[in-house]
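Q: Following this message is one structure expressed as structure tokens.
Protein chains in written order, with the working numbering: chain A, 1 to 289; chain B, 1 to 359; chain C, 1 to 327.
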């Protein structure tokens with residue numbers, strides 16, 4: 001029998017034996033569950049509170065049993081969350097698309113066809129990420145207002161693209177690097193031009209990686225607040241900005257605040273849950289070889 | 001199908017001052033099966049990749065079918081290559097892998113299917129045509145890699161250690177299949193391996209390389225019978241030829257306390273070269289245990305292979321000798337025996353400094 | 001036709017010098033012409049992204065430098081004038097700025113270290129298989145996904161509120177009197193919220209490191225007689241080092257810009273007790289409208305960050321330029 005990496009790890013990892021062990025109580029498993037629930041608790045509480053009446057929301061001791069209601073969500077909708085939702089979708093979607101359009105060829109150039117200056121370009125990309133954005137916000141504000149893009153969603157689209165591009169290039173580069181060089185050589189011998197080999201051989205292999213990158217970009221763009229709060233007012237406000245404005249009006253009304261917070265956070269949470277494996281791959285930055 | 005010529009071809013190692021291949025000259029005839037063999041770092045893979053266009057030709061040139069290949073990209077050279085790790089396209093099925101090159105050339109789907117099925121039949125892959133490489137065993141993947149190459153009907157086959165990832169039994173089996181296939185198709189083939197057994201059994205001619213330089217380019221028999229230098233002598237044949245540098249003595253050379261007598265012609269060649277020491281080579285199969293006369297040795301180890309046995313010994317002066325013998329009559333450990341040359345055994349003589357053949 | 005051909009293996013020009021000379025000639029011939037066109041073709045795909053980044057990030061920074069030399073208040077239109085380095089002097093003398101800088105450092109270091117430690121512990125917990133491991137992982141990554149302002153809001157109101165917050169209620173069950181967490185420990189509470197959000201990130205990175213570790217060296221260690229703790233210290237931890245480093249560096253880079261949590265939870269207060277540099281500068285610029293000063297502060301922050309970032313970048317490149325260390 002040939003020994004493969006799979007069979008070795010299957011033999012040693014507890015995964016196989018847990019089928020036999022599941023009868024016995026696993027203390028560390030229980031600890032993991034406790035910790036998991038503990039970390040999740042604030043989110044759980046947020047969602048629960050969103051379904052409460054105000055009277056049940058801010059109480060001590062906290063109300064655990066209550067009749068759920070959709071009133072709070074209705075109230076949030078009535079207050080006009082729609083436009084903000086759309087703005088967020090627009091800014092997040094378009095900027096992620098731009099990031100993929102600009103970043104994929106860049107990552108390709110930096111990995112599979114490196115030139116002497118490759119390290120420098122990569123260095124530059126990463127360094128842009130490290131500069132505090134607070135230093136750029138002032139001139140950005142002035143520039144954006146001078147070109148008339150203040151309170152316009154396109155300003156955010158451009159800024160989010162620049163915000164996510166370095167991470168995207170870094171991540172996608174690591175996925176490109178995982179493609180074995182021999183595959184490209186084989187394709188080249190078979191008669192494929194560079195473009196053809198990219199299309200038929202490389203892209204199918206890196207598409208999970210590109211999806212992971214897109215997911216990370218979506219998370220960061222949707223949740224972004226600093227640029228949004230400074231460069232938008234009423235028309236172009238995104239979900240986080242809307243949420244903050246909501247608080248100004250609703251102060252101590254926790255239930256409705258929770259409903260608004262839930263709606264603000266839910267899309268990305270769901271995305272992250274469903275595409276969890278891609279998220280994990282992406283966050284590990286292809287560090288797993 | 002085409003003849004191949006390497007004209008003083010050289011290639012530089014990336015980021016270093018060394019030449020991976022140094023002034024290689026080879027004349028390969030149309031339809032020939034040539035093996036490039038040598039230890040790791042000998043430049044054999046690089047030489048192959050230069051032919052395929054995967055490495056630059058830094059000096060000299062390579063011609064295929066009379067046409068100079070300098071500057072010609074791989075995809076225009078009409079060469080098919082079998083890679084050591086197979087390089088199969090993971091997202092394509094076996095049939096798609098094999099048909100890819102044809103698809104690129106615009107061959108119709110029906111024609112493609114026909115050719116792929118023909119090749120699959122030869123290689124026993126018909127039942128796997130719709131599977132993806134991940135679901136195949138190592139041996140099956142190797143056959144797909146071969147199938148991908150033969151479907152193309154190219155001028156030249158390049159094979160880069162295609163058997164090295166297979167287990168021993170499969171290796172022997174596949175070896176014969178490849179040789180038979182090449183004979184049937186008649187395509188000029190350049191085959192790289194580090195295994196001299198593969199080289200000897202498969203090649204019409206074998207090129208032995210070392211540190212980027214060609215040592216000898218000849219048929220397996222000639223390499224075996226008349227190695228051009230000490231390196232080739234020690235590389236070809238298993239177990240390796242006994243090579244010892246011995247001081248010259250009247251009528252022959254001195255081993256320990258005895259004198260090994262050499263032919264007249266050889267003795268005069270040695271004195272012509274003005275040497276006081278000479279490297280002597282005798283193959284283990286040409287040494288035998290003797291009852292009378294020969295070199296006194298002590299047995300260190302006996303390897304019994306069933307069909308034959310090899311006795312590892314050392315002579316008084318530290319010289320080590322390996323001899324072949326009958327496993328039923330093999331001596332015991334630490335026994336003292338005598339070894340002498342077979343009556344028709346050949347003694348090879350090499351210059352003690354340069355390693356070049358003298359006789 | 002059989003041929004035996006011997007090559008220049010025995011002749012004099014195999015000397016090292018001769019070979020090096022030929023290599024040099026080859027390199028010379030290569031340097032000019034051929035690879036240059038290829039070089040540009042290879043760089044081509046990189047250019048759109050590169051140019052985009054340069055325009056959007058570098059140009060504003062140049063402007064920031066320019067503004068820092070002005071005394072300029074947005075509310076008073078005519079007041080813009082060149083004052084050289086006096087903004088920088090004012091910043092140097094501004095004790096609040098340095099206090100806020102200290103807060104920033106404390107925040108970054110504290111959050112990164114504690115979340116890295118917690119992440120390590122969680123990764124170890126999740127590295128073994130147990131019932132419902134996938135679900136627990138899902139639960140654990142959620143804090144990272146929650147919109148920071150929403151998360152900060154929830155922490156501030158439902159959890160940390162002195163009267164009705166869950167934390168005080170839970171503590172009251174064991175007899176501890178209610179505490180005004182945000183009022184009394186503003187910076188700490190912000191850090192707690194950030195740790196909650198960043199631990200999943202660290203955990204995922206370190207988990208990736210744990211799962212990429214070849215199992216056979218652990219087996220070798222066990223056979224050699226090492227106990228669990230020794231295995232961890234001698235084998236696992238060194239392997240994890242580069243993952244932990246990556247997490248620390250990336251986390252620090254993002255945390256430099258922390259703004260949302262402070263904006264939502266404390267507004268930097270009381271006073272500047274929980275303010276960090278981004279928030280402080282934001283206040284100067286958008287609430288005080290003092291562009292010149294804010295710009296100067298921004299430049300100072302950038303200079304410090306460059307200093308630290310250069311270490312960080314070298315670290316990332318060193319540990320991840322493709323070479324996996326031999327076990």
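Note that CB positions come from ideal geometry on N, CA and C, so glycine has one too.
(1) Buried or exposed: residue 184 of chain C, going by 16 or more other Cβ atoms within 10 Å of its Cβ?
(2) Whose C-alpha, out of B:319, B:304, B:343, is nearest the C-alpha of residue 328 of chain B?
(3) Who are the Cβ neighbours of residue 57 of chain A in its own chain at under 6 Å, not counting the five residues just before and after it?
(4) Could you give the distance in angstroms between the alpha-carbon of residue 268 of chain C and the alpha-carbon of residue 197 of chain C?
(5) Among A:275, A:284, A:225, which residue has its Cα nearest to the Cα of residue 242 of chain C?
(6) State the start and end residues of the unbroken beta strand (DSSP E) segment that holds residue 180 of chain C.
(7) Thinking C-alpha only, which one of B:216, B:181, B:209 is nearest residue 202 of chain B?
(8) Within its chain, find whatever has a CB closer than 6 Å to the CB of residue 155 of chain C; leave out the 5 residues flanking it on each side and keep chain order.
(9) Anything in the region 142-164 of chain C with a Cβ closer than 8 Å to a Cβ of chain E? List those residues in chain order, please.
(10) Measure from the C-beta of residue 313 of chain C to each C-beta in chain A and report whether the shortest distance is under 8 Å.
(11) Below 8 Å, can you find three or more Cβ-Cβ pairs linking the region 263-274 of chain A to the region 238-247 of chain A?
(12) Can you tell me whether DSSP reads residue 141 of chain C as helix, strand or coil?
(13) Ends of the beta strand (DSSP E) at residue 282 of chain B?
(14) Suppose contacts are defined by Cβ-Cβ distances below 8 Å. Is residue 282 of chain B in contact with residue 347 of chain B by that definition?
(15) Consult DSSP for residue 34 of chain C and reduce its assignment to one of helix, strand or coil.
(16) Would you say residue 87 of chain B lies against chain A (beta-carbon separation less than 8 Å)?
(17) Where does residue 326 of chain C fall in DSSP's three states?
(18) Taking 8 Å as the CB-CB cut-off, is residue 18 of chain B touching chain C?
(19) Look at the alpha carbon of residue 337 of chain B and the alpha carbon of residue 225 of chain B, and state the distance between them as a whole number of angstroms.
(20) Scan the region 165-195 of chain A and note each continuous alpha helix (DSSP H) run of 4 residues or more that stays entirely inside, going in chain order.
(21) The beta strand (DSSP E) spanning residue 389 of chain B covers which residue range?
(22) Using a Cβ-Cβ cutoff of less than 6 Å, which residues in the same chain neighbour residue 98 of chain A once the five nearest sequence positions on both sides are dropped?
(23) Using a C-beta cutoff of 8 Å, does residue 12 of chain B count as contacting chain C?
(24) Comparing C-alpha positions only, which one of B:197, B:355, B:12, B:165 sits nearest to residue 176 of chain B?
(25) Among C:65, C:273, C:149, whose alpha-carbon lies nearest the alpha-carbon of residue 140 of chain A?
(26) Can you name the start and end residues of the beta strand (DSSP E) that residue 79 of chain B belongs to?
(27) Determine, using beta carbons only, whether residue 18 of chain C comes closer than 8 Å to chain B.
(28) Does DSSP put residue 318 of chain B in a helix, in a strand, or in coil?
(29) How would you label residue 34 of chain C, buried or exposed, when you count the other beta carbons within 10 angstroms and need 16 or more for buried?
(30) Span of the alpha helix (DSSP H) holding residue 35 of chain A?
(31) Roughly how many angstroms separate the alpha carbons of residue 21 of chain A and residue 225 of chain C, rounded to a whole number?
(32) Using a Cβ cut-off of 9 Å, pull out every chain C residue sitting near residue 80 of chain A, in sequence order please.
(33) Flag residue 42 of chain C as yes if its beta-carbon sits less than 8 Å from any beta-carbon of chain B, otherwise no.
(34) Quick one: using the 10 Å Cβ neighbour count with 16 as the cut-off for buried, is residue 157 of chain B buried or exposed?
(35) Can you find a C-beta in chain C that's less than 8 Å from the C-beta of residue 45 of chain A?
(36) With a cut-off of 8 Å on the beta carbons, I'd call residue 294 of chain B and residue 264 of chain B a contact; round off their distance for me.
A: Let me lay it out:
(1) The count along the third chain starts at 1 and reaches residue 184 of chain C at position 184. By the 10 Å Cβ count, residue 184 of chain C comes out exposed.
(2) If you number the second chain from 1, residue 328 of chain B lands on position 328. For residue 328 of chain B, the nearest C-alpha among the options comes from B:304.
(3) If you number the first chain from 1, residue 57 of chain A lands on position 57. Contacts found: 49, 254, 255.
(4) The residue labelled residue 268 of chain C in the question sits at position 268 within the third chain. The residue labelled residue 197 of chain C in the question sits at position 197 within the third chain. Each residue's alpha carbon lies about 19 Å from the other.
(5) One-based indexing of the third chain puts residue 242 of chain C at position 242. Comparing Cα positions, the closest option is A:284.
(6) The sequence position of residue 180 of chain C within the third chain is 180, counting from 1. Per DSSP, residue 180 of chain C belongs to no beta strand (DSSP E) and is neither H nor E.
(7) In the second chain, counting from the first residue as 1, residue 202 of chain B sits at position 202. Of the listed residues, the one whose Cα sits closest to residue 202 of chain B is B:181.
(8) Here residue 155 of chain C refers to the residue found at position 155 when the third chain is read from its first residue. The residues are 193.
(9) No chain E is part of this structure, whose protein chains are labelled A, B and C.
(10) Walking along the third chain from the start, residue 313 of chain C turns up at place 313. Residue 313 of chain C counts as touching chain A.
(11) yes
(12) As a working note, residue 141 of chain C is residue 141 in the third chain. If DSSP states are grouped into helix, strand and coil, residue 141 of chain C belongs with the helices.
(13) Position 282 of the second chain, counted from the start, is the residue given in the question as residue 282 of chain B. From DSSP, the beta strand (DSSP E) with residue 282 of chain B extends over 277-282.
(14) The residue labelled residue 282 of chain B in the question sits at position 282 within the second chain. The residue labelled residue 347 of chain B in the question sits at position 347 within the second chain. Yes; because the gap between Cβ atoms is below 8 Å, this pair is in contact.
(15) Taking the third chain and counting its residues from 1, one reaches residue 34 of chain C at position 34. Only weak support exists for where residue 34 of chain C lies, its pLDDT of 47 falling under 50; the value from the coordinates is given anyway. Three-state DSSP puts residue 34 of chain C in a helix.
(16) Counting from one through the second chain, the residue named residue 87 of chain B turns up at place 87. True, the Cβ-Cβ gap to chain A drops below 8 Å.
(17) Along the third chain, read from residue 1 onward, the residue named residue 326 of chain C stands at position 326. The pLDDT assigned to residue 326 of chain C is 35, lower than 50, so where the model puts this residue is not dependable; a value taken from the coordinates is nonetheless given after this. DSSP places residue 326 of chain C in coil when its eight states are reduced to three.
(18) The sequence position of residue 18 of chain B within the second chain is 18, counting from 1. Yes, its Cβ sits closer than 8 Å to a Cβ of chain C.
(19) Position 337 of the second chain, counting from 1, holds the residue named residue 337 of chain B. Position 225 of the second chain, counting from 1, holds the residue named residue 225 of chain B. Distance between the alpha carbons of residue 337 of chain B and residue 225 of chain B is about 27 Å.
(20) 181-189
(21) As shown, chain B starts at 1 and ends at 359. That puts residue 389 of chain B outside it, with no answer to give.
(22) On the first chain, residue 98 of chain A is found 98 positions in, with the first residue counted as 1. Closer than 6 Å at Cβ, skipping near neighbours: 161.
(23) Along the second chain, read from residue 1 onward, the residue named residue 12 of chain B stands at position 12. By the rule that beta-carbons nearer than 8 Å mark a contact, residue 12 of chain B touches chain C.
(24) Taking the first residue of the second chain as 1, we reach residue 176 of chain B at position 176. Among B:197, B:355, B:12, B:165, the Cα nearest to that of residue 176 of chain B is on B:197.
(25) In the first chain, counting from the first residue as 1, residue 140 of chain A sits at position 140. Cα-wise, what sits closest to residue 140 of chain A is C:65.
(26) Counting from 1 along the second chain, the entry for residue 79 of chain B is found at position 79. First-last of the beta strand (DSSP E) with residue 79 of chain B: 79-82.
(27) Position 18 of the third chain, counted from the start, is the residue given in the question as residue 18 of chain C. So no, residue 18 of chain C is outside the interface.
(28) Taking the second chain and counting its residues from 1, one reaches residue 318 of chain B at position 318. Coil, per DSSP.
(29) Translated into the one-based positions of the third chain, residue 34 of chain C becomes position 34. Its pLDDT being 47, under 50, residue 34 of chain C is placed unreliably by the model, and the measurement read from it follows with that caveat. Classification of residue 34 of chain C: exposed, given that the 10 Å Cβ count is below 16.
(30) Here the question's residue 35 of chain A lines up with position 35 in the first chain. Looking at the DSSP string, the run of the alpha helix (DSSP H) that includes residue 35 of chain A is 27-50.
(31) For the purposes of this step, residue 21 of chain A is taken as the residue at position 21 of the first chain. For the purposes of this step, residue 225 of chain C is taken as the residue at position 225 of the third chain. Reliability fails at residue 21 of chain A, whose pLDDT of 48 lies under 50, so the model's placement of it is uncertain and no value is given.
(32) As a working mapping, residue 80 of chain A is identified with position 80 in the first chain. None at all; the shortest Cβ gap to chain C is about 18 Å.
(33) If you number the third chain from 1, residue 42 of chain C lands on position 42. False, the Cβ-Cβ gap to chain B never drops below 8 Å.
(34) Start at 1 with the first residue of the second chain, and residue 157 of chain B comes out as number 157. Buried, by the Cβ-count rule.
(35) Within the first chain, residue 45 of chain A is the residue found at index 45, counting from 1. Output row for residue 45 of chain A: interface = yes.
(36) Here residue 294 of chain B refers to the residue found at position 294 when the second chain is read from its first residue. Here residue 264 of chain B refers to the residue found at position 264 when the second chain is read from its first residue. Incorrect: roughly 20 Å between the Cβ atoms, too far for contact.
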